[in-house]
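Numbering (full-length UniProt numbering), first residue to last: 1 to 547. Heads up, the beta-carbon is just placed ideally off N, CA and C, and yes, glycines get one too. Input: a single structure, listed below in structure tokens.
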């Protein structure tokens, strides 16, 4: 057998067969395939009647069946930088982005302070996402992390945390959109139930994620247009009502450094949450594309989406606080989504009565904005489908597209729980902080290994060794550093259920610095532990080239 044929057979052991390759696989090569690949090949060749469950499991035409296996250079055909720009613009340009800015209502800061925090800290929090997405190794983000942090820490710590982070983000985003849909026609009693709205939104997201990378990028390329139209309408309405002006303060204003740290933590969690999945959306970009172009496309798209949605969300917050009582009542009854509808609808309070036609148009815009949440949930759900197979080797037997169904069901259950809590702002704030804690630990360990010990290199390993634990770092240093970082998180976190010792010293209401201490503790401890791990590796694993 020729060397080219041997290399071809080796690749088949690593990935699911697509439709084009199936016909070229000879009978002599079938024995080298995995069980799933053989079943998939037989399914494609079988001319008998096939049921819907078989189609779902083995993949329809056009469905991306590739999971965490490396993307080969010949498969990297996504050469459009605009695809990358619009991907990250759309995933940050939804109603959940507005709800992050709306958290100003929870911290009681002035409008000008909120804008400064969004502009300044949003800028720096978008940088690591863009940096991590330009490696072009053909590996997914957490698959790549195995070569830096080791098998155990990546699979059983980072992947598990990222799975729940992605599911939680899908749930929060869908909950905000469902609140807006449920607020329409509420006074007449003909509004859509929140559970039904959640179901519609998550089914839409699941359908796009089911087909995979190409369909997601095609959808995200145009998804931002409708939301921008709605944002223009919201800006016009805010201008007409006059309830929001630069310099206006919240009636609950509390210029406290502890509250400022709390909102900064939410901004950090909103943007850096994409660090652990950044490369998932650039895997098919070839190495011929300059990295600075990919970096600028991701950074500018993400930062632009963050600025627009967060500042607009903060404006809606102050419109609710300074506006009529009817708006406050609508928000108290249905949450943030209802606040958006209150601003859009001219008949939502007596002084703002307008033509009935405009009210119908406001309902239409609210529906469009709610549906736009799909653009955000698709990114998180896609990352979830890829991470699921990394937690344990046995989970790789389940195809990527099937995980889209499982993840959507979990997100639906979590969304219903959030809907029942009736405390959207506090729940959303807690989730953003939790995501910030987890990402800070990831940045501390992965970032230290990448830039201190590897000098920024990402070409020192063979991507095909991604599942060979004998050739991956043992990961003792990263796990120990993560544990030390968790101690820092507990010392600096300021939540309703726990306020750390250092957090309590910042102000009379505490201060949220858990993500700062988590990063610092994990980074410094990794600097200390890594040389000891290298010494251990040289003694016990001399053949491991990733020492």
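Tell me the rounded alpha-carbon separation between residue 263 and residue 430. 11 Å
Given this structure, state the Cα-to-Cα distance separating residue 228 from residue 197, to the nearest angstrom. 22 Å
Near residue 223, what residues of its chain come up, given a Cβ to Cβ distance below 6 Å and the 5 sequence neighbours on each side ignored? 90 and 375
Alpha helix (DSSP H) containing residue 305: first to last residue? 291–322
Mind checking which residues open and close the alpha helix (DSSP H) that includes residue 162? 159–183
Unbroken alpha helix (DSSP H) run spanning residue 266, endpoints: 257–272
Consult DSSP for residue 372 and reduce its assignment to one of helix, strand or coil. coil
Taking all protein chains shown into account, decide if residue 231 is buried (16 or more other Cβ within 10 angstroms of its Cβ) or exposed. buried
Residue nearest to residue 367 in terms of C-alpha spacing, selected from 167, 179 and 453: 179
Should residue 377 and residue 205 be called a contact, given that it needs their Cβ atoms to be closer than 8 Å? yes
Using the three-state DSSP reduction, which class does residue 191 fall into: helix, strand or coil? coil
Between residue 382 and the rest of its own chain, which residues show a CB-CB distance below 7 Å, the 5 nearest in sequence each way excluded? 209, 216 and 280
Among all the DSSP beta bridges, which residues are the ones paired with residue 499? 494
Quick one: grab the DSSP three-state call for residue 390. coil
Reference residue 311, options 502, 238 and 433, closest by Cα: 238
Buried/exposed call for residue 548, threshold 16 Cβ in 10 Å: Because the chain is modelled from 1 through 547, residue 548 falls outside the range shown and cannot be assessed.
Status (buried if at least 16 other CB within 10 Å, exposed otherwise) for residue 341: buried
Mind checking which residues open and close the alpha helix (DSSP H) that includes residue 275? Careful: residue 275 lies outside any alpha helix (DSSP H) and carries neither H nor E.
Among residues of its own chain, excluding the 5 on either side of residue 539, which ones have a beta-carbon nearer than 7 Å to its beta-carbon? none
Rounded to the nearest angstrom, what separates residue 139 and residue 146 at their Cα positions? 10 Å
If you draw a straight line from the alpha carbon of residue 73 to that of residue 86, how long is it in whole angstroms? 23 Å
Residues in the same chain with beta-carbon distance under 8 Å from residue 447, minus the five sequence neighbours each way, listed in chain order, please. 128 and 523
When you compare only the Cα positions, how much space is there between residue 564 and residue 282? Missing from the structure shown is residue 564; the chain here goes from 1 to 547 and no further.
Runs of 4 residues minimum, wholly inside the segment 87–169: which ones carry the alpha helix (DSSP H) assignment? 95–102, 104–107, 111–132 and 141–149
Please identify the residue among 329, 287, 384 and 177 whose C-alpha is closest to the C-alpha of residue 160. 384
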